[in-house]
Every structure is written in C-alpha cells, then in structure tokens.
Amino acid sequence: MKKYNFSAGPAVLPREVIEKAAASVLNYNNSGFSILEVSHRSKDVVAAMDQAIALVKELYGLSDEYEVLFLQGGASTQFFQIPMNFLNEDETAGYINTGAWSKKAIKDAKAYGKVNVVASSEEQNFNYIPKNINIPSDLKYLHYTSNNTIFGTQFQSLPETDVRLICDMSSDIFSKPIDVSRFDLIYAGAQKNMGPAGVTLVIVKKSALGTVSRYVPVMLDYRTHIENVSMYNTPPVFAMYVSMLTLQWIKDNGGLEAMAKRNEAKAKILYDELDRNTLFKGHSVAEDRSLMNVTFTGVSEEMENEFLDRCKKEGLDGLKGHRSVGGLRASIYNALEAEGIQKLADLMRAFEEEKA
Ligand SMILES: *Cc1c(COP(=O)(O)O)cnc(C)c1O
Numbered sequence: 055m056k057k058y059n060f061s062a063g064p065a066v067l068p069r070e071v072i073e074k075a076a077a078s079v080l081n082y083n084n085s086g087f088s089i090l091e092v093s094h095r096s097k098d099v100v101a102a103m104d105q106a107i108a109l110v111k112e113l114y115g116l117s118d119e120y121e122v123l124f125l126q127g128g129a130s131t132q133f134f135q136i137p138m139n140f141l142n143e144d145e146t147a148g149y150i151n152t153g154a155w156s157k158k159a160i161k162d163a164k165a166y167g168k169v170n171v172v173a174s175s176e177e178q179n180f181n182y183i184p185k186n187i188n189i190p191s192d193l194k195y196l197h198y199t200s201n202n203t204i205f206g207t208q209f210q211s212l213p214e215t216d217v218r219l220i221c222d223m224s225s226d227i228f229s230k231p232i233d234v235s236r237f238d239l240i241y242a243g244a245q246k247n248m249g250p251a252g253v254t255l256v257i258v259k260k261s262a263l264g265t266v267s268r269y270v271p272v273m274l275d276y277r278t279h280i281e282n283v284s285m286y287n288t289p290p291v292f293a294m295y296v297s298m299l300t301l302q303w304i305k306d307n308g309g310l311e312a313m314a315k316r317n318e319a320k321a322k323i324l325y326d327e328l329d330r331n332t333l334f335k336g337h338s339v340a341e342d343r344s345l346m347n348v349t350f351t352g353v354s355e356e357m358e359n360e361f362l363d364r365c366k367k368e369g370l371d372g373l374k375g376h377r378s379v380g381g382l383r384a385s386i387y388n389a390l391e392a393e394g395i396q397k398l399a400d401l402m403r404a405f406e407e408e409k410a
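Residue numbering for the sequence shown follows the numbering used here, beginning at 55 and increasing consecutively.
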C-alpha cells in the first residue's frame with residue numbers, strides 16, 4: 055500500500071529527491087565515495103552549494119542585493135541571530151504574534167533591543183491573522199511568521215507597511231511567489247518544505263547588515279557566511295545537497311507559480327470536505343487558512359483517535375495535531391501528492407457515513 059506522509063516536519067520530500075539522495079550516500083557523483091565522507095571543500099560539494107544558491111536566486115528572482123546562506127542551528131537560532139545583527143539596544147523592532155513560533159522570536163528579541171508587539175491573535179488561540187495593524191513607521195524592522203505551522207493560519211498578503219520586513223517562512227518557503235524586495239531577511243528551517251533537518255536557509259539584503267554596535271560573534275555574523283559562501287566552517291553537506299535536489303525538483307516542476315497553483319488545488323480538496331463534513335471542524339477562520347498545514351478537530355477526542363487509527367491503517371500517517379490545538383493536522387507541503395489528500399478527504403466522508 056502506498057503511504058502518505060502528512061507530518062509537520064521533518065516532512066515529505068519528493069520520491070525522486072529521496073532516490074537521488076540515497077544514491078549519493080552510496081556513491082556520490084561516481085566518485086566511489088559516499089557524500090557523507092567527502093570534504094566540503096571538494097569540487098563536487100562546492101559545486102552543489104553554488105547550485106543550491108543559484109536555484110534559490112532563480113526561483114525567487116533575487117537581485118544582486120540579496121545573499122543566500124545555508125546555516126545551522128535551525129530556524130530557532132534565527133530568533134536571536136536576527137536581533138543580534140539588526141537591533142541596537144535603544145532601537146525598537148515590531149513583531150506580530152501569530153503563534154508559538156512568533157512568541158519564541160519575541161522572547162529572544164527582547165534580550166537585544168526594544169520589542170513592540172504590534173498585533174496578536176493569542177486571545178483566540180491564534181485562529182486568525184491580525185488585520186489593519188497600526189504599524190509605527192520608525193521600527194527598525196517588522197518580524198512576522200508567514201505560515202503558522204501549529205495553528206494552521208497563513209498570511210494571505212504581506213503586512214501593509216513601509217517598514218522593512220523580516221520573516222520566518224519555515225513552513226511555506228517556496229510554496230508560492232513572493233516579492234522579496236520588501237524584505238531585509240527571510241529564513242526557513244529546511245525540514246518543512248525544502249529538505250531534511252540540519253540546514254537553515256537565510257536570504258538577506260546585504261546593505262541592511264552592519265548597523266549594530268554590539269560585538270557579534272564571528273560565527274553568528276551573517277557577513278562571515280556571506281564572505282565564505284556558507285563554508286566558513288563545515289556546512290551540513292548532506293542536508294544542503296538534498297535541499298539543492300528539492301529546489302531543482304521545484305524548478306523542473308514549473309517553479310513557484312506552479313507550486314502555488316498545485317498547493318491551492320490540494321488544500322481546496324481538504325477544506326471543501328472540512329466545510330461539508332459534520333464530524334470535523336477547522337481551527338482557522340476561513341479567510342486565513344493555511345495552504346500548508348490544515349488543522350481541525352473532531353466532535354470528540356475518542357472519535358479523533360478512532361479516525362487517526364483508521365488513517366494509519368489506510369496508509370495516511372502523521373496526522374495527529376499539535377498538543378496546543380489538539381485534534382488533527384494535515385501538513386500538505388509541496389511534495390505531498392494530491393492523491394494522498396483526496397484519500398484523506400474520502401476517508402473523512404466514509405467515516406461520517408459510518409457514524410450517521
Ligand atoms: C518548525 C518551525 C520552526 C523551528 O524550526 P527549527 O529548525 O526546528 O528550529 C520555526 N518557525 C516555524 C514557522 C516552524 O514551522
């Protein structure tokens with residue numbers, strides 16, 4: 055039976071990417087060595103890094119003002135690395151609080167400068183994206199989380215402001231085209247929509263760096279990694295390589311416009327069923343629904359568990375919701391095929407009929 059991986063992260067990757075990755079573990083580019091044992095300074099690994107960077111630039115249409123970095127420490131390291139590099143103690147940054155990941159970013163930023171939480175949806179357990187936000191124009195930057203992996207909400211457009219944007223795009227990176235020129239920095243842990251765990255993508259506007267007066271440790275200064283093309287120290291070679299393969303897959307499958315179309319069609323299958331089905335209820339308000347993480351609850355916990363067991367038996371895996379929302383979560387990233395989502399929707403319908 056074909057299995058479908060609905061896990062939130064590490065998450066599904068395209069089958070052909072996994073096959074190429076597996077081949078590289080046995081014999082990397084016919085070198086007779088595994089990719090796991092070759093030097094990061096070897097010609098092939100340097101070429102793979104250059105290719106990964108070039109693909110990010112091509113997919114987002116980046117101008118030369120932007121640099122692409124492959125770093126370590128996960129998206130969570132960016133929570134403090136960003137204010138450390140962008141925010142002086144007497145300056146204020148704006149943050150939009152749309153969930154658990156935003157809160158972690160806010161907590162760390164407070165250690166480096168002043169933080170103005172300009173909007174929050176916490177009072178409704180983060181089931182919506184704040185609108186018509188009053189954003190002061192003198193903020194050093196505005197940080198937000200474009201897609202809330204745990205709560206299943208997603209910004210449908212960029213925040214309306216002239217303030218420079220910084221965004222955690224961990225769970226919707228490369229899922230649709232975006233206007234990168236509005237951002238000073240975009241970051242994403244690879245393991246949701248780009249590759250395996252162990253590498254973090256950072257896209258940064260070079261001219262926005264170098265404005266803080268504090269000492270920034272060499273390893274945490276973005277300029278170190280720009281100068282050394284993400285090879286200041288040993289990079290996570292395998293995670294970077296698999297990310298490169300996924301970026302190539304995105305390009306070969308029509309790029310970001312095509313991903314967006316596919317993702318909209320895929321999410322529609324599930325949201326239509328959620329709206330129809332009397333046993334399940336979506337967490338997010340309709341207008342802010344995520345195309346990547348669909349969160350929903352059943353009429354009782356007992357019924358949810360019974361349904362989760364059925365899903366597992368049918369080859370649909372990773373659907374248990376995060377403990378802070380409960381219920382179920384279907385993560386339907388780029389690489390998850392529409393057939394799997396259709397299978398889930400069909401099972402929801404069949405389950406409803408059985409219970410009637
Ligand atoms: C998963 C996730 C993170 C944390 O990523 P790590 O790489 O594990 O640190 C941060 N932000 C968002 C939106 C996420 O989905």
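For every residue, glycine included, the Cβ atom is placed at its ideal position computed from N, Cα and C.
Report back the beta-carbon spacing between residue 151 and residue 174 to the nearest angstrom; my notes put them in contact at under 8 Å.
Right, their Cβ atoms sit about 4 Å apart.
Bridge partners of residue 276, per DSSP?
Answer is none; residue 276 lacks a bridge partner.
Would you report the Cα separation of residue 376 and residue 370, rounded to the nearest angstrom?
Near 17 Å, if we compare the C-alpha coordinates of residue 370 and residue 376.
Hey, is residue 162 close to ligand 1, as in C-beta under 7 Å from one of its heavy atoms?
The answer is no for residue 162.
How far does the beta strand (DSSP E) with residue 121 in it reach, from first residue to last?
Residue 121 -> beta strand (DSSP E) spans 120–125.
According to DSSP, is residue 269 part of a helix, a strand, or is it coil?
It is coil, neither helix nor strand.
Quick check on the burial criterion: 16 or more other C-beta atoms within 10 angstroms. Buried or exposed for residue 288?
Looking at its Cβ environment, which holds fewer than 16 other Cβ atoms inside 10 Å, residue 288 is exposed.
Suppose only complete runs of 3+ residues qualify. What are the beta strand (DSSP E) ranges in the stretch 126–210, listed by chain order?
Runs of the beta strand (DSSP E) inside the stretch 126–210: 146–151, 168–174, 196–199.
Thinking C-beta only, is residue 121 closer than 8 Å to residue 258?
Yes, the Cβ-Cβ distance between residue 258 and residue 121 is below 8 Å.
Does residue 66 come out as helix, strand or coil in the three-state DSSP assignment?
Three-state result, residue 66: coil.
Could you check whether residue 88 and residue 99 sit closer than 8 Å to each other, using their CB atoms as the reference points?
Result no, Cβ atoms of residue 99 and residue 88 do not sit closer than 8 Å.
Do residue 237 and residue 263 have their C-beta atoms closer together than 8 Å?
No, these two residues do not count as a Cβ contact at 8 Å.
Give a yes or no on whether the C-beta atoms belonging to residue 137 and residue 166 are separated by under 8 Å.
Yes, the pair counts as a contact, with Cβ atoms nearer than the cut-off.
If you draw a straight line from the alpha carbon of residue 31 to that of residue 274, how long is it in whole angstroms?
Not covered by the structure: residue 31. The range shown for the chain is 55 to 410.
Report the residue ranges of all beta strand (DSSP E) runs contained in full by the stretch 374–399; include only those spanning at least 3 residues, in chain order.
Listed in chain order, they are 382–385.
Can you give me the start and stop residues for the beta strand (DSSP E) that residue 222 sits inside?
Residue 222 -> beta strand (DSSP E) spans 219–222.
How do the stretch 305–324 and the stretch 384–394 stand: do at least 3 beta-carbon pairs fall below 8 Å, yes or no?
Result yes; three or more Cβ-Cβ pairs closer than 8 Å.
How far does the alpha helix (DSSP H) with residue 104 in it reach, from first residue to last?
Unbroken alpha helix (DSSP H) run through residue 104: 97–114.
Who are the near neighbours of residue 233 in its chain, counting only those whose CB is closer than 8 Å to its CB and skipping five residues on each side?
Result list for residue 233: 212, in chain order.
Could you give the distance in angstroms between the alpha-carbon of residue 156 and the alpha-carbon of residue 147?
Their backbone Cα atoms lie some 13 Å apart in a straight line.
With DSSP as the reference, identify every bridge partner of residue 325, one or two as the case may be.
DSSP, once it has assigned bridges, lists no residue as partnering residue 325.
Cβ atoms of residue 195 and residue 217: under 8 Å apart, would you say?
It is a contact, given that the beta carbons lie within the stated cut-off.
Rounded C-beta distance between residue 301 and residue 154? I'm assuming under 8 Å.
Actually they do not touch by this definition, with Cβ atoms about 27 Å apart.
State the Cα-Cα distance for the pair residue 389 and residue 161, rounded to the nearest angstrom.
The alpha-carbon atoms of residue 389 and residue 161 are separated by roughly 33 Å.
Determine the extent of the alpha helix (DSSP H) in which residue 359 is found, giving its start and end residues.
From DSSP, the alpha helix (DSSP H) with residue 359 extends over 355–367.
For residue 242, which beta-bridge partners are listed by DSSP?
According to DSSP, residue 242 bridges with 255.
State the Cα-Cα distance for the pair residue 227 and residue 116, rounded to the nearest angstrom.
Those two C-alpha atoms are separated by around 14 Å.
Suppose contacts are defined by Cβ-Cβ distances below 8 Å. Is residue 266 in contact with residue 125 by that definition?
Not closer than 8 Å, so no.
If I follow the unbroken beta strand (DSSP E) through residue 350, where does it start and stop?
Start and end: 347–352.
Looking only at its own chain, which residues have a Cβ that is under 7 Å from the Cβ of residue 245, when we skip the five neighbours before and after it?
Cβ within range, chain order: 63, 64, 65, 251.
Going by the DSSP bridge assignment, what does residue 292 pair with across the sheet?
None, per the DSSP bridge assignment.
Keeping to the same chain, check which residues put their C-beta closer than 7 Å to that of residue 119; ignore five residues upstream and five downstream.
Excluding positions up to five away in sequence, the list reads 259, 260, 261.
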